[in-house]
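J.:
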Amino acid sequence: MRFWYRLVKFAFRCLYNEFAWAYDLVSRIVSRGRWHDWQRAALPELRGDRVLDVAFGTGDLLWDMVAKGYRCAGIDLSPHMAHITAKKFRRQEEEAPICRARAQELPFPDGIFDSLVATFPDHFILDPRAQHEMARVLVPGGRLGIVDSGHIVGDDPWSRFLNWAFMITVSPDAWEEARRSFAHPLFAIERRVILDEGSAVDVVVATKKQSPLRLEDPRDDRCKEVLYTMRDCRRIGRNGPG
Ligand SMILES: C[S@@+](CC[C@H](N)C(=O)[O-])C[C@H]1O[C@@H](n2cnc3c(N)ncnc32)[C@H](O)[C@@H]1O
Numbered sequence: 049m050r051f052w053y054r055l056v057k058f059a060f061r062c063l064y065n066e067f068a069w070a071y072d073l074v075s076r077i078v079s080r081g082r083w084h085d086w087q088r089a090a091l092p093e094l095r096g097d098r099v100l101d102v103a104f105g106t107g108d109l110l111w112d113m114v115a116k117g118y119r120c121a122g123i124d125l126s127p128h129m130a131h132i133t134a135k136k137f138r139r140q141e142e143e144a145p146i147c148r149a150r151a152q153e154l155p156f157p158d159g160i161f162d163s164l165v166a167t168f169p170d171h172f173i174l175d176p177r178a179q180h181e182m183a184r185v186l187v188p189g190g191r192l193g194i195v196d197s198g199h200i201v202g203d204d205p206w207s208r209f210l211n212w213a214f215m216i217t218v219s220p221d222a223w224e225e226a227r228r229s230f231a232h233p234l235f236a237i238e239r240r241v242i243l244d245e246g247s248a249v250d251v252v253v254a255t256k257k258q259s260p261l262r263l264e265d266p267r268d269d270r271c272k273e274v275l276y277t278m279r280d281c282r283r284i285g286r287n288g289p290g
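With positions in the sequence shown counted from 1, the corresponding number in our numbering is that position plus 48.
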């Protein structure tokens, strides 16, 4: 089984690099065309207008945010993803506000972002070094919106196949780890589930605590479920910073 998950990990690494050109197509197929909507589930969580997209991938959410007037920056480890994103921005006659960096070593000073988004992040999101870095670049009270996963809700054979394919590509250990998720003491955690006809998206909202003194506090992980709809996310995407 271990070999299988190593193979899956390798396949994902290829998809983020040499096969990045296929990423939009693959993500559209596995989400039945909802990937971009699922990404937008992060938008209602934004506060302020200085936003960092951590691991922007092929840049669609980053473009949404720039087009709506957020002052954005994006980082991603893959030069192939950066190339695709830069090309998409050039098509809009804009320069992509991106750089290649690891989430574990963010090339920004302390406290310069009001919000961070990370949609469908890789394992780095569970790395305490990345969590520490994300807390560092946020202002106190700033928010990190993580779109954790999306699921097709349906009983037709194609939906069942996609959900099965999802299950066999995520190791049970990783899944359990992701469920427990984000334990960094600088953040308070809430969870949201966003429903649409035919799909559900899990969002984790991590708010940076106001004072570093609270590092000594016991972990605050109020797990609330707040349901809102994909339509709300699209509306917020249209309107831009509020
Ligand atoms: C599943 S993709 C998600 C991309 C995009 N956010 C989306 O919603 O489609 C994961 C991304 O994480 C990037 N990545 C993986 N490890 C990273 C790290 N340590 N630091 C920054 N980016 C990383 C990959 O290059 C890839 O673009």
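Think of the CB as a built atom: it goes at the ideal place given N, C-alpha and C, for glycine as much as any other residue.
Since the model is a prediction, treat every value here as computed from it, not as a measurement.
1) Identify every residue that forms a DSSP beta bridge with I193.
2) Hey, would you say D101 sits closer than 7 Å to R119, going by beta carbons?
3) According to DSSP, is H128 helix, strand or coil?
4) Which partner residues does C147 have in the DSSP bridge list?
5) Which whole-angstrom value is the C-beta distance of G304 and E93, which I expect to be below 8 Å?
6) Taking 6 Å as the line, does the beta carbon of A28 fall inside it for any heavy atom of ligand 1?
7) What are the start and end residues of the alpha helix (DSSP H) that includes A236?
8) Compute the distance between the beta-carbons of V195 and F161, then report whether it is under 7 Å.
9) So I237 and A248 are supposed to be a Cβ contact under 8 Å. How far apart are they, rounded?
10) Quick one: any contact between the stretch 169-183 and the stretch 128-145, if contact means 3 or more CB pairs under 8 Å?
11) Run the CB neighbour count on A213, radius 10 Å, all protein chains shown included, and call it buried at 16 or more, exposed below.
12) Is F209 buried or exposed, if buried means 16 or more other CB atoms sit within 10 Å of its CB?
13) Report the three-state DSSP secondary structure of K57 (helix, strand or coil).
14) Suppose the cutoff is 6 Å on Cβ atoms and the five residues either side in sequence are ignored; what does the same chain contact list for E145 look like?
15) Using a Cβ-Cβ distance under 7 Å, would I194 count as near chain D?
16) Do you know how far the Cα of F104 is from the Cα of S126?
17) So, is Q87 buried or exposed, given that buried needs 16 or more other C-beta atoms within 10 angstroms?
T.: Let me lay it out:
1) Numbered from 1 along the sequence shown, position 145 holds the residue referred to as residue 193. Going by the sequence as given, residue 193 is Gly instead of Ile. Per DSSP, V165, V253.
2) As a position in the sequence shown, residue 101 is number 53, starting the count at 1. As a position in the sequence shown, residue 119 is number 71, starting the count at 1. Cβ distance not < 7 Å, so D101 and R119 don't count as in contact.
3) Mapped onto the sequence shown, residue 128 falls at position 80. Looking at H128 - three-state DSSP - the assignment turns out to be helix.
4) Counting from one through the sequence shown, the residue named residue 147 turns up at place 99. According to DSSP, which records beta bridges pairwise, C147 is partnered with I123.
5) Look at the range of the chain in this structure, 49 to 290, and you will see that residue 304 is not part of it.
6) Here the chain comprises residues numbered 49 to 290, so residue 28 is not present and cannot be evaluated.
7) As a working mapping, residue 236 is identified with position 188 in the sequence shown. Unbroken run through A236 is the beta strand (DSSP E), 235-244; no alpha helix (DSSP H).
8) Counting from one through the sequence shown, the residue named residue 195 turns up at place 147. Counting from one through the sequence shown, the residue named residue 161 turns up at place 113. Not a contact, by the Cβ cut-off of 7 Å.
9) Along the sequence shown, read from residue 1 onward, the residue named residue 237 stands at position 189. Along the sequence shown, read from residue 1 onward, the residue named residue 248 stands at position 200. Actually they are not in contact, since the Cβ atoms of I237 and A248 sit about 19 Å apart, beyond 8 Å.
10) Not touching, per the Cβ criterion.
11) In the sequence shown, the residue the question calls residue 213 occupies position 165. Looking at its Cβ environment, which holds fewer than 16 other Cβ atoms inside 10 Å, A213 is exposed.
12) The residue labelled residue 209 in the question sits at position 161 within the sequence shown. Flag for F209 reads exposed.
13) Reading the sequence shown from its first residue, position 9 is the one you call residue 57. Reduced to three states, the DSSP call for K57 is helix.
14) What you label residue 145 is simply residue 97 of the sequence shown in a count that begins at 1. Reading the sequence as shown, one finds Pro at residue 145 and not Glu. Taken in chain order, the residues that qualify are C120, A121.
15) No chain D appears in the structure shown, which is made up of a single protein chain.
16) Here residue 126 is taken as the residue at index 78 of the sequence shown, counted from 1. Here residue 104 is taken as the residue at index 56 of the sequence shown, counted from 1. Each residue's Cα considered, the two are about 10 Å apart.
17) Here residue 87 corresponds to residue number 39 of the sequence shown, with the count starting at 1. Counting C-beta atoms within 10 angstroms of its own C-beta, Q87 has 16 or more neighbours from the protein chains shown and is therefore classed as buried.
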